[in-house]
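Notes follow once the structure below has been shown.
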Amino acid sequence: MLCTIEFQDYVVFNLTTQKFVVLPKLADVSNSYFRLRYYLIYDPKKSPYYKVVVVSFAYDDLGTSLFDVYSSESGSWKSTVASTPRIPDPWLGHGTVWNGAILWMSCRPGPAVWLLEA
24 MLCTIEFQDY
34 VVFNLTTQKF
44 VVLPKLADVS
54 NSYFRLRYYL
64 IYDPKKSPYY
74 KVVVVSFAYD
84 DLGTSLFDVY
94 SSESGSWKST
104 VASTPRIPDP
114 WLGHGTVWNG
124 AILWMSCRPG
134 PAVWLLEA
């Protein structure tokens with residue numbers, strides 16, 4: 024389970040072992056972006072490691088997003104800026120992780136899919 028406190032502190036909690044890990048502090052996002060969604064990606068059939076993805080959207084209308092990815096294997100964050108489809112109303116949308124991609128669904132037309140590095 025992934026928990027966050029004001030999009031600054033991230034904690035991964037293993038419900039089976041009842042142990043938790045506080046992730047290293049994520050660098051502040053620039054004033055051009057706002058953090059909106061976060062995801063825990065874990066498939067024990069593929070790897071003993073997990074990833075946490077934090078998605079930040081640009082305030083402008085240029086269609087860029089910032090992806091911060093934490094890897095439990097490396098123990099560090101990696102940031103990537105990518106061109107992404109504009110989500111008409113990201114506050115109302117819902118996302119899930121499936122087959123190595125974040126699938127973003129919204130009540131408005133046009134789902135968005137972002138492929139993640141495996």
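Numbers in the working numbering are just positions in the sequence shown, counted from 1, shifted up by 23.
Glycine residues also receive a C-beta, built at the ideal position from the N, C-alpha and C atoms.
Residue from the options whose Cα sits closest to the Cα of residue i
{"i": "residue 65", "options": "59, 58, 73", "result": "73"}
{"i": "residue 25", "options": "97, 75, 100, 102", "result": "75"}
{"i": "residue 89", "options": "97, 67, 98, 106", "result": "106"}
{"i": "residue 81", "options": "67, 55, 98, 97", "result": "55"}
{"i": "residue 166", "options": "35, 98, 97", "result": "With the chain covering 24 to 141 only, the question about residue 166 has no answer from this structure."}
Residue i - DSSP class collapsed to helix/strand/coil
{"i": "residue 87", "result": "strand"}
{"i": "residue 69", "result": "coil"}
{"i": "residue 32", "result": "strand"}
{"i": "residue 48", "result": "coil"}
{"i": "residue 38", "result": "coil"}
{"i": "residue 82", "result": "coil"}
{"i": "residue 55", "result": "coil"}
{"i": "residue 97", "result": "coil"}
Inter-residue Cα distance where the pair is residue i and residue j
{"i": "residue 95", "j": "residue 83", "result": "32 Å"}
{"i": "residue 104", "j": "residue 37", "result": "30 Å"}
{"i": "residue 100", "j": "residue 70", "result": "18 Å"}
{"i": "residue 91", "j": "residue 102", "result": "4 Å"}
{"i": "residue 41", "j": "residue 87", "result": "37 Å"}
{"i": "residue 122", "j": "residue 68", "result": "12 Å"}
Proximal residues to residue i (C-beta, below 8 Å), its chain only, five neighbours per side dropped
{"i": "residue 33", "result": "25, 26, 27, 45, 46, 49, 61, 75, 77, 93"}
{"i": "residue 43", "result": "34, 35, 36, 37"}
{"i": "residue 146", "result": "Residue 146 lies beyond the range of the chain shown here (24 to 141); nothing can be said about it."}
Contact set for residue i: own chain, Cβ-Cβ below 7 Å, skip 5 residues either direction
{"i": "residue 58", "result": "30, 52, 77, 79"}
{"i": "residue 120", "result": "62, 64"}
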